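Q: Please read through the structure below; I'll follow up with questions.
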Amino acid sequence: MMKFWFVTGSQFLYGEDTIRQVEADSKEIVAGLKLPFPVEYKLTAKTNAEITQIVREANYDDECAGIITFCHTFSPSKMWINGLAMLQKPWLHFHTQYNETIPNEAIDMDYMNLHQSAHGDREHGFIGARMRMPRTVVAGYWKDPAVQAQIADWQRAAVGALFSKSLKVVRFGDNMREVAVTEGDKVETQIVMGWQVNTWAVGDLVKEMDKVTEAEIDTLVKEYESLYTIATDDMDSVRYQAREEIAIERILVREGAKAFSNTFQDLYGMKQLPGLASQHLMSKGYGFGAEGDWKT
Numbered sequence: 002m003m004k005f006w007f008v009t010g011s012q013f014l015y016g017e018d019t020i021r022q023v024e025a026d027s028k029e030i031v032a033g034l035k036l037p038f039p040v041e042y043k044l045t046a047k048t049n050a051e052i053t054q055i056v057r058e059a060n061y062d063d064e065c066a067g068i069i070t071f072c073h074t075f076s077p078s079k080m081w082i083n084g085l086a087m088l089q090k091p092w093l094h095f096h097t098q099y100n101e102t103i104p105n106e107a108i109d110m111d112y113m114n115l116h117q118s119a120h121g122d123r124e125h126g127f128i129g130a131r132m133r134m135p136r137t138v139v140a141g142y143w144k145d146p147a148v149q150a151q152i153a154d155w156q157r158a159a160v161g162a163l164f165s166k167s168l169k170v171v172r173f174g175d176n177m178r179e180v181a182v183t184e185g186d187k188v189e190t191q192i193v194m195g196w197q198v199n200t201w202a203v204g205d206l207v208k209e210m211d212k213v214t215e216a217e218i219d220t221l222v223k224e225y226e227s228l229y230t231i232a233t234d235d236m237d238s239v240r241y242q243a244r245e246e247i248a249i250e251r252i253l254v255r256e257g258a259k260a261f262s263n264t265f266q267d268l269y270g271m272k273q274l275p276g277l278a279s280q281h282l283m284s285k286g287y288g289f290g291a292e293g294d295w296k297t
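Numbering-wise, the sequence shown is residues 2 to 297 according to the working numbering.
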């Protein structure tokens, strides 16, 4: 399951007792976040080496969907440069503090060493801006439901971005002739978004359709009947849609693809455009682009 890593920024200057307390506070913050995806406290980073190493680990962990950083007080940001420069996962800078209120009459240096995120987040924000790093900044108290809702929105977007990096799209044939909006730059798309968009011959799909058995079609048609009101007596057409769906999904599974496109102008050897077939595949979570518009 996808998860997010929580990294607290600090430094050795404050002493071991402070670091231990910061770790405890950070774990409490993480435990208090009610989000759609789990957050795992990883460490309180105090050196360039620690930060660089945790970023390397995040980059190579397929279950890590992004990192959340929190600076409880001043964490000198030059030591973040090497790590952030190689970060390949989404980043959220969480500008919060452990305490909801400031005990103005009781503040001392021990308190300042633990709770001075206004200082730490200014420094942390500067290095993100200076490096022109893509990031999301959420500011507010960590227990506030509205603040957690912002983090939840970011989590969903981050998981989508990570999914995008490995997305394979099967184009059955080309897009509709003479249409401009359905064109696109597949090379740029893969460079920027990670999508692998390639074409499979419609004839290959037809060959796969020929392998589908009547028993397989019977099973899928029964599923259609349980889900939809079949307002036609032409069950042969419905059965043909089932044949198309089974064949399309076989190719998608074989190629590790999660999306496909086709167009009515490129149906070589097919009797029908996959309509019901495409709708039912979308209900299973596959992406679909009509008229060959793979970008949708």
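The beta carbon of each residue, even a glycine, is placed where N, CA and C say it ideally should be. As the structure is a computational prediction, the values presented were derived from the model and not from experiment.
Give the C-beta separation of Asn-49 and Gln-89 to the nearest angstrom, bearing in mind that I take them to be a contact with Cβ-Cβ under 8 angstroms.
A: With a Cβ gap of about 18 angstroms, Asn-49 and Gln-89 do not count as contacting.
Q: Output needed for Ala-147: all residues of its chain with C-beta closer than 8 angstroms, excluding positions within five of it in sequence on either side, in chain order.
A: Correct list, in chain order: Gly-141.
Q: Using DSSP bridges, identify the partner residues of Arg-172.
A: Beta-bridge pairing links Arg-172 to Thr-200 and Ser-262.
Q: Rounded to whole angstroms, what is the Cα-Cα separation between Val-56 and Ala-260?
A: Near 31 angstroms, if we compare the C-alpha coordinates of Ala-260 and Val-56.
Q: Does any CB atom of chain B fall closer than 8 angstroms to the CB of Leu-88?
A: Chain labels in this structure do not include chain B; a single protein chain is all it has.
Q: By the DSSP assignment, the alpha helix (DSSP H) with Trp-155 in it spans what residues?
A: Run containing Trp-155: 146-165, per the alpha helix (DSSP H) assignment.
Q: Using C-beta distances below 8 angstroms, list every residue in its chain close to Met-2, excluding the 5 sequence neighbours before and after it, in chain order.
A: Only Phe-38, Pro-39 and Glu-64 meet the Cβ criterion.
Q: Would you check if the distance between the CB atom of Arg-7 and the CB atom of Ile-52 is smaller than 8 angstroms?
A: For clarity, residue 7 is Phe in the given sequence; the question names Arg instead. Against a cut-off of 8 angstroms, the Cβ pair of Ile-52 and Phe-7 comes out as no contact.
Q: Please report the straight-line C-alpha distance between Ile-249 and Ser-11, rounded to a whole angstrom.
A: If I take the Cα positions, the gap works out to 53 angstroms.
Q: With hydrogens ignored, establish whether the beta-carbon of Ile-249 is closer than 7 angstroms to any heavy atom of the ligand FAD.
A: Summarising the ligand content, the structure contains no ligands, and the ligand FAD is consequently not present.
Q: Enumerate in chain order the residues of its own chain whose CB-to-CB distance from Asp-122 is below 6 angstroms, with the five nearest sequence positions on each side excluded.
A: Only Cys-72 and His-96 meet the Cβ criterion.
Q: Using only alpha-carbon positions, find the residue among Gly-185, Gly-204 and Tyr-42 that is nearest to Ile-30.
A: Ile-30 has its Cα closest to that of Tyr-42, out of Gly-185, Gly-204 and Tyr-42.
Q: If you follow the beta strand (DSSP E) that Gly-67 is in, where does it begin and where does it stop?
A: Here the beta strand (DSSP E) through Gly-67 covers 65-72.
Q: Using a Cβ-Cβ cut-off of 6 angstroms (strictly less than) and excluding sequence neighbours within five positions of Leu-277, which residues of its own chain qualify?
A: Gln-242.
Q: Give me whichever residues DSSP pairs with Thr-220 in a beta bridge.
A: Answer is none; Thr-220 lacks a bridge partner.
Q: Under 8 angstroms, with one C-beta from each stretch per pair, do the region 194-207 and the region 166-182 reach the 3-pair mark?
A: Yes, the region 194-207 is in contact with the region 166-182.
Q: As a quick exercise: from Asp-294, Ala-86, Leu-206 and Leu-274, pick the residue whose alpha carbon is nearest that of Glu-256.
A: The residue with the shortest Cα to Cα distance from Glu-256 is Leu-206.
Q: Taking its Cβ as the centre, do 16 or more other Cβ atoms sit within 10 Å of Gly-161, making it buried, or is it exposed?
A: Exposed, since its Cβ has fewer than 16 Cβ neighbours within 10 Å.
Q: Can you say whether Met-194 is buried or exposed, counting buried as having 16 or more other CB atoms within 10 angstroms of its CB?
A: The residue in question, Met-194, is exposed, as its Cβ has fewer than 16 Cβ neighbours within 10 Å.
Q: Compute the Euclidean distance between the alpha carbons of Lys-144 and His-281, then round it to the nearest angstrom.
A: Distance between the alpha carbons of Lys-144 and His-281 is about 41 angstroms.
Q: Where Lys-4 and Ala-66 are concerned, what is the direct C-alpha to C-alpha distance, given to the nearest angstrom?
A: If I take the Cα positions, the gap works out to 6 angstroms.
Q: Is there contact here, the region 286-295 with the region 172-186, by at least three beta-carbon pairs under 8 angstroms?
A: Contact between the region 286-295 and the region 172-186 is present, because at least three Cβ pairs lie under 8 angstroms.
Q: Are there 16 or more other CB atoms within 10 angstroms of the CB of Ser-165, so buried, or fewer, so exposed?
A: It counts as exposed.
Q: Just checking, does the region 125-137 make contact with the region 78-94 on the three C-beta pairs under 8 angstroms criterion?
A: Yes, since at least three Cβ pairs between the region 125-137 and the region 78-94 fall closer than 8 angstroms, the two stretches touch.
Q: Take the Cβ of Ser-227 as the centre, count every other Cβ of all protein chains shown within 10 Å, and call the residue buried at 16 or more, exposed below.
A: By the neighbour-count rule (16 or more Cβ atoms within 10 Å), Ser-227 is not buried but exposed.
Q: Can you give me the start and stop residues for the alpha helix (DSSP H) that Ala-243 sits inside?
A: 236-256 is the span of the alpha helix (DSSP H), which, as asked, contains Ala-243.
Q: Where does the unbroken alpha helix (DSSP H) through Lys-187 begin, and where does it stop?
A: Its alpha helix (DSSP H) spans residues 187-194.
Q: Report yes if the CB atom of Gln-117 is closer than 8 angstroms to the CB atom of Leu-36, and no otherwise.
A: No.
Q: In three-state DSSP terms, what is Glu-101?
A: Glu-101 falls in the coil class under three-state DSSP.
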